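Input: a single structure, listed below in structure tokens.
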Amino acid sequence: MSFDPINILLLAVALVVFWRLRSVLGTRTGTEKPPFDLFGSKRGAQDTSGAVTRLPEPTPVPANDTGDRDPPPPVWKGFADEGSPLAAALGRMAENDSGFTPRAFVDGAKVAYEMIIDAFARGDKAALKNLLSKEVFDGFARAIDARVGQGQRVDSRFVGIDKAVIQQASLAGRKASITMEFVSELISATYDKAGEVIEGDPKEIRIVTDVWTFERDLGSRDPNWKLVATEAPA
Numbered sequence: 143m144s145f146d147p148i149n150i151l152l153l154a155v156a157l158v159v160f161w162r163l164r165s166v167l168g169t170r171t172g173t174e175k176p177p178f179d180l181f182g183s184k185r186g187a188q189d190t191s192g193a194v195t196r197l198p199e200p201t202p203v204p205a206n207d208t209g210d211r212d213p214p215p216p217v218w219k220g221f222a223d224e225g226s227p228l229a230a231a232l233g234r235m236a237e238n239d240s241g242f243t244p245r246a247f248v249d250g251a252k253v254a255y256e257m258i259i260d261a262f263a264r265g266d267k268a269a270l271k272n273l274l275s276k277e278v279f280d281g282f283a284r285a286i287d288a289r290v291g292q293g294q295r296v297d298s299r300f301v302g303i304d305k306a307v308i309q310q311a312s313l314a315g316r317k318a319s320i321t322m323e324f325v326s327e328l329i330s331a332t333y334d335k336a337g338e339v340i341e342g343d344p345k346e347i348r349i350v351t352d353v354w355t356f357e358r359d360l361g362s363r364d365p366n367w368k369l370v371a372t373e374a375p376a
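Numbering-wise (the numbering used here), the sequence shown opens with residue 143 and increments by one.
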């Protein structure tokens, strides 16, 4: 029986490769650790009996459960005395309009006050029209026209509001009415045709007090309040 040298060489190579693979891979003994779960796809750890151990789940809390938190303060808190007609009126307004709060109203009224003062000084009737009731707008428009007719102009600079408080409030049907007192700092001067100051002082800060009443139909889609009355402080 003859042996082909090539066959003997191939057999030797195969034996070497087999020995190397066995030394690297080893053999199964039954005590190997399971492969690591990279993405955490196993939701629970299994014990020797095959039962799954689950983590305790949190008890769901109802959406409307406030727990031990205190109830929110009444809407009029900080703007009216408890049991006063003003507190009652503000509370009814909030009941009729879920978007109403005295804080939001006062902040908006301060912005409107400054806009109206500025627009009147500039003679901007277009800007005033959406902020005033028809009666108040007509009065402002007449004053602006008279000033223009006499060749007068007003230079006015708003410094700031020192005070803005709700004095009165009422609700008749869906018509809400709120009276505000404003105390502001203003620099204002009126000039004649020749450019001479005839009223005010362009360098002096004046303290101005205004009592304005705003109204709004709470059933209207228009969210804006309009100035319906101005008066001198008592």
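Cβ coordinates follow ideal geometry from the N, Cα and C atoms, glycine included.
Owing to the predicted nature of the structure, the values given are computational and were not obtained by experimental measurement.
C-alpha gap between residue i and residue j, whole angstroms
i, j, result
"ILE268", "VAL278", "It is Ala, not Ile, that sits at residue 268 in the sequence shown. Approximately 14 Å between the Cα atoms of the pair."
"ALA288", "LEU369", "21 Å"
"ASP227", "GLY291", "The sequence shown places Pro at residue 227, rather than the Asp named in the question. The alpha-carbon atoms of PRO227 and GLY291 are separated by roughly 46 Å."
"PHE262", "SER298", "10 Å"
"MET257", "GLY265", "12 Å"
"ASP223", "GLN310", "12 Å"
"VAL248", "ARG348", "22 Å"
"LEU274", "ASP352", "15 Å"
"ASN123", "GLY225", "Nothing in the structure corresponds to residue 123, since the chain is present only between 143 and 376."
"LEU385", "GLU346", "With the chain represented from 143 up to 376, any question about residue 385 goes unanswered, as that position is not in the structure."
Residue(s) in a DSSP beta bridge with residue i
i, result
"THR110", "Examination of residue 110 is not possible in this model, given that the chain is present from 143 through 376 alone."
"ARG295", "TYR333"
"ILE308", "MET322"
Buried or exposed by the 16-neighbour rule on C-beta atoms within 10 Å, applied to residue i
i, result
"ILE320", "buried"
"VAL217", "buried"
"ALA231", "buried"
"ARG358", "buried"
"GLN188", "Summary for GLN188: the model assigns pLDDT 43, below 50, so the residue's position carries little reliability; its value from the coordinates is reported in the next sentence. Flag for GLN188 reads exposed."
Same chain only: Cβ atoms within 7 Å of residue i, ignoring 5 sequence neighbours per side
i, result
"LYS335", "GLY293"
Same chain, Cβ closer than 6 Å to residue i, five either side skipped, listed in chain order
i, result
"SER326", "ILE303 and VAL350"
"ALA283", "LYS267"
"ASP364", "none"
"MET235", "PHE242, LEU313 and ALA318"
8 Å Cβ cutoff met for residue i and residue j
i, j, result
"GLU323", "PRO244", "no"
"LEU328", "PHE356", "no"
"ARG316", "ASN238", "yes"
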